[in-house]
Amino acid sequence: MSLTLMSPLAWLLGAFLLAGGLLLLQRLRERYKALPVANMVLWQQALQSSQVRSLWHRFRHWLTYLFILVIALLLWLLAAAPQWSVNDQQALKLYYLDASAYMTAGNRFAEAKHQLLADIEQQPAANRRVLLGDLETRLLLREDEQSALLPARLETVRAQLQPSRFSAWLRQIQQQNPQRPLRVFYYGYPTQAPLSVPTTTLLQVVVAHASAPLTNNQGITSFGKQITADGKHIRVYLEVAQSDPTVTAPRLQWFLDERPYQPQRIQQLATTEPGLLRYELVIPRSLGSHLRVRLITNDNFRGDDHASLTMTDSTPLRIVLSEQAPKLFMRVLAADPGLQQVSDAEQADVAVRRSGEAKSDLPTWVIGAPTTTPSLSFASNSARTSVSSPETMLQQVFGFDVATLTQRLGQPPSLSWQPQNKSLYGQRQLLMSPDWLQQKSDIVDSATFPLLISRGLNWLANRQSLSYAKIAEQPTLPVNAQGELQLKPFFTRTTGQKWQQQTLNPALLEMPLTALKTTATAEALAAVASDVDSVKPHRPLANYLLLLVLLLLAVEWLAVQRGWIP
Numbered sequence: 089m090s091l092t093l094m095s096p097l098a099w100l101l102g103a104f105l106l107a108g109g110l111l112l113l114q115r116l117r118e119r120y121k122a123l124p125v126a127n128m129v130l131w132q133q134a135l136q137s138s139q140v141r142s143l144w145h146r147f148r149h150w151l152t153y154l155f156i157l158v159i160a161l162l163l164w165l166l167a168a169a170p171q172w173s174v175n176d177q178q179a180l181k182l183y184y185l186d187a188s189a190y191m192t193a194g195n196r197f198a199e200a201k202h203q204l205l206a207d208i209e210q211q212p213a214a215n216r217r218v219l220l221g222d223l224e225t226r227l228l229l230r231e232d233e234q235s236a237l238l239p240a241r242l243e244t245v246r247a248q249l250q251p252s253r254f255s256a257w258l259r260q261i262q263q264q265n266p267q268r269p270l271r272v273f274y275y276g277y278p279t280q281a282p283l284s285v286p287t288t289t290l291l292q293v294v295v296a297h298a299s300a301p302l303t304n305n306q307g308i309t310s311f312g313k314q315i316t317a318d319g320k321h322i323r324v325y326l327e328v329a330q331s332d333p334t335v336t337a338p339r340l341q342w343f344l345d346e347r348p349y350q351p352q353r354i355q356q357l358a359t360t361e362p363g364l365l366r367y368e369l370v371i372p373r374s375l376g377s378h379l380r381v382r383l384i385t386n387d388n389f390r391g392d393d394h395a396s397l398t399m400t401d402s403t404p405l406r407i408v409l410s411e412q413a414p415k416l417f418m419r420v421l422a423a424d425p426g427l428q429q430v431s432d433a434e435q436a437d438v439a440v441r442r443s444g445e446a447k448s449d450l451p452t453w454v455i456g457a458p459t460t461t462p463s464l465s466f467a468s469n470s471a472r473t474s475v476s477s478p479e480t481m482l483q484q485v486f487g488f489d490v491a492t493l494t495q496r497l498g499q500p501p502s503l504s505w506q507p508q509n510k511s512l513y514g515q516r517q518l519l520m521s522p523d524w525l526q527q528k529s530d531i532v533d534s535a536t537f538p539l540l541i542s543r544g545l546n547w548l549a550n551r552q553s554l555s556y557a558k559i560a561e562q563p564t565l566p567v568n569a570q571g572e573l574q575l576k577p578f579f580t581r582t583t584g585q586k587w588q589q590q591t592l593n594p595a596l597l598e599m600p601l602t603a604l605k606t607t608a609t610a611e612a613l614a615a616v617a618s619d620v621d622s623v624k625p626h627r628p629l630a631n632y633l634l635l636l637v638l639l640l641l642a643v644e645w646l647a648v649q650r651g652w653i654p
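Just add 88 to wherever you are in the sequence shown, counting from 1, and you've got the working numbering.
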């Protein structure tokens, strides 16, 4: 049993106060005693000889007190709105409010919230949850909470400039709860999201609210860069999608370091898909470091009309490699513009070495001795590092979960985290077994490996790494203060055992033509999906308690009428 409106400790404290208050009232009540006299002449004498009436008397009627106390405690329990967990196979109802970029247009999000409130008010609190489809898929209302709490919570949420995560979340729910009956109610733009995962007898998707379609929209779907072979220029790629191919191509407005910029030459690339426009331009690296583009359109949705791109990284992270450091690190440092290899340890920010080599005072990535299973250990003395498990640390540092790495490595990794006042060497340390670097490991031959190395090195230096959104399919796209996308390059593995920079293809919307290029990964949604399996259906006990209180009141009235209790 669980209490909805108060904690068990608060209810217990209130019960003690009720018991004490009723006991005090029983002892302080006035008491009367019938004194028979022979005639009125003796009345004065009897009155003088009787005891003085007092408010404080010895408690005598324990049965009466206990009867009243039971009724009071039941009423107090009724005020706490208790619910009883049951182990049945009723379908869990999940109400999903999509807060992606499309819902920022007009009053679409407000209409979806209004419909959600109307539906929740008609549903019992048992066996249902309300989720917000933002970057974290937050829980708005638990199954043991009353619907009256939802309006205040919805007041603080807004739709954001981010891709929809509904499809990936739905797949994760289906994979991790294959035997759990689920009914998902979707509130948002349902053109592709709810229809991308087939429904089964155990999983049913209901489009409870469908926002009006967006017509005649023009939006940026890709904006990326690639450094030319001479290293002096940057080739910029831009992709624009149009819902109506017959509409005139939008006018482009460019800004370089927040100043108006007119490229000397913009080449429009050939495409085979109707409504898709691709552009290419070459900009000297010395002109600026931040490029922004804006579409001059007449559509009613502005969320996909602008995007920005960091052209150059000002201060690369300096890495010193020991003589026996794995050669794979050199390949990553050569491909990543945010990392720079140096030979002098005094100029370096992070060191990479094997366990048998000389120690360093720098934050260090240590390749340890061979183990039976791939192992990874975190050590940090940072006060801002506060996690509940090494699995959470793995998610925060690298953006992967245990299941993903198990698939990549071929076996489950051994993870540990050592919070301590002073780490072994330097402020932070990563201790990795060499099993991660074996050629038999799928992670070495994939584009995931440079992402893992880059994020680990940046974490050691306590710096925010570049957002390689495409490589890990991260749902979080970096946005600046103006709400514009900050897009970075990503790596892809090519022939010749090399990693090269390629353009990033994120997108802001999920539409038939403006298709999503980045979707949420399983590891980013695993916590929410696995939590569904722990949800137990609840049945409210308020009606049963109210009937019991009424029954006890009827028994008390009958007992008073019969003279069984005073």
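In this text, a Cβ means the ideal position worked out from N, Cα and C, and glycines have one as well.
Since the structure is predicted, the reported quantities are computational estimates derived from the model, not experimental observations.
- Using a 10 angstroms sphere on the CB of R339, the tally of other CB atoms stays under 16, which defines it as exposed.
- For a cut-off of 8 Å, the C-beta gap from L397 to K313 is around 6 Å, short enough to register as a contact.
- The region 365-383 makes no contact with the region 177-191: fewer than 3 CB pairs, one atom from each, lie closer than 8 Å.
- M520 sits in a strand when the DSSP states are folded into three classes.
- Here DSSP, grouped into helix, strand and coil, assigns R196 to helix.
- Here the region 227-246 does not lie against the region 296-307, with fewer than 3 beta-carbon pairs under 8 Å apart.
- Within a 10 Å sphere around the beta-carbon of P372 sit fewer than 16 other beta-carbons, which makes this residue exposed.
- In the structure shown, the three-state DSSP call for L365 is strand.
- Residue pairing for K181: DSSP places it in a beta bridge opposite R216, R271.
- Along the length of the region 217-269, whole alpha helix (DSSP H) runs at least 4 residues long occupy 238-242, 254-264, reported in chain order.
- Per DSSP, W652 is not a residue of any alpha helix (DSSP H), being assigned neither H nor E.
- Residues of the same chain with a CB within less than 6 Å of the CB of L291, apart from the 5 flanking positions on each side, are Q262, L270 in chain order.
- The three-state secondary structure of E411, taken from DSSP, is coil.
- L185 sits away from L227, with the two beta carbons spaced by 8 Å or more.
- If you ignore the 5 residues before and after V430, its C-beta comes within less than 6 Å of the C-beta of R406, V408, A436, all in its own chain and listed in chain order.
- Separation of T385 and A189 (C-alpha to C-alpha, rounded to the nearest whole angstrom) is 18 Å.
- Excluding residues up to 5 positions away in sequence, Y349, R380 lie with their Cβ nearer than 7 Å to the Cβ of F343 in the same chain.
- Relative to the Cα of A198, the nearest Cα in the group N215, G276, N305 belongs to G276.
- Judged by DSSP secondary structure, L379 falls outside any alpha helix (DSSP H) and instead within the beta strand (DSSP E) spanning 378-384.
- With a cutoff of 8 Å on beta-carbon distance, L634 and L166 are scored as near each other.
- Taking 8 Å as the cut-off, the Cβ atoms of T309 and W257 do not count as close.
- Non-local beta-carbon contacts of P462 in its own chain, meaning distances under 6 Å to residues more than five positions away in sequence, involve L497, P501, S521, D523, W524 in chain order.
- With a cutoff of 8 Å on beta-carbon distance, Y367 and Q352 are scored as not near each other.
- For A439, the uninterrupted beta strand (DSSP E) segment begins and ends at 438-442.
- Look at T334 here: in three-state DSSP terms it is coil, with no helix or strand label.
- Collapsing the DSSP output to three states places D432 in coil.
- Proximity to L238 across F254, D222, I208 peaks at I208, based on C-alpha coordinates.
- A Cβ-Cβ separation of about 5 Å places Y274 in contact with V295 under the 8 Å criterion.
- Under the 10 Å beta carbon count, E411 is surrounded by fewer than 16 other beta carbons and is classified as exposed.
- Looking from the CA of Q264, the closest CA among T360, A491, A206, D432 belongs to A491.
- Setting aside the 5 residues that flank it on each side, T459 is surrounded in the same chain by S502, S521, D523, each with a C-beta closer than 8 Å to its C-beta; the list follows chain order.
- Sorting A337, S255, L110, P414 by C-alpha distance to the C-alpha of V454 places P414 at the top.
- For F466, the enclosing beta strand (DSSP E) covers residues 463-468.
- In this structure R323 touches V370 by the C-beta definition: roughly 5 Å separates them, less than 8 Å.
- Taking the Cα of G108 as reference, the smallest distance to any Cα among A446, A160, L638 is reached at A160.
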